[in-house]
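Numbering (my numbering), first residue to last: 13 to 141.
Beta carbons: idealized from backbone N, C-alpha and C, even for Gly.
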Amino acid sequence: ETNSSVARDEAGAANARVDSLSYQLRDSQSKSDGLQLDLRQKNDEMHTVKCQLQQTEYELKKTKREKKDAEKERDSNKSRAELQEEINNMRHALKDIKELERVRVRKTHSAEAELRGARDALSKANSAV
Numbered sequence: 013e014t015n016s017s018v019a020r021d022e023a024g025a026a027n028a029r030v031d032s033l034s035y036q037l038r039d040s041q042s043k044s045d046g047l048q049l050d051l052r053q054k055n056d057e058m059h060t061v062k063c064q065l066q067q068t069e070y071e072l073k074k075t076k077r078e079k080k081d082a083e084k085e086r087d088s089n090k091s092r093a094e095l096q097e098e099i100n101n102m103r104h105a106l107k108d109i110k111e112l113e114r115v116r117v118r119k120t121h122s123a124e125a126e127l128r129g130a131r132d133a134l135s136k137a138n139s140a141v
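1) What does the alpha-carbon distance come out to for the pair residue 84 and residue 56?
2) DSSP state of residue 13, grouped into three classes?
3) Does DSSP put residue 115 in a helix, in a strand, or in coil?
4) Which runs of the alpha helix (DSSP H) fall wholly inside the stretch 70-94 and span at least 4 residues, in chain order?
Given below as structure tokens:
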């Protein structure tokens, strides 16, 4: 009986050890499954962040192009505005020149009329002598 009692005790201890190892194995498997899930989630998050980064880089490049285009447009508009101002100044100068020409023509006609009147008066005076 002693051997049988020892065998039972050993069998009970072995069963307890099997139960303990089974529990440890299930616990380790559960932790492994959890870590694999965490790893998949982190990989998914990393993929999402990479996609966001690529989108941000694309938007940055696009914005830089738009800024460059806007600066070109601004410079072009500035040049056009400067040219338009120069044209306006030239138009005003031309208007002033035309007005001066009209005044000169009037004075010339007036002077010619006075000269004709003086010649006529001189001619009459010479005829009377």
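Reading it off the structure:
1) 42 Å
2) coil
3) helix
4) none
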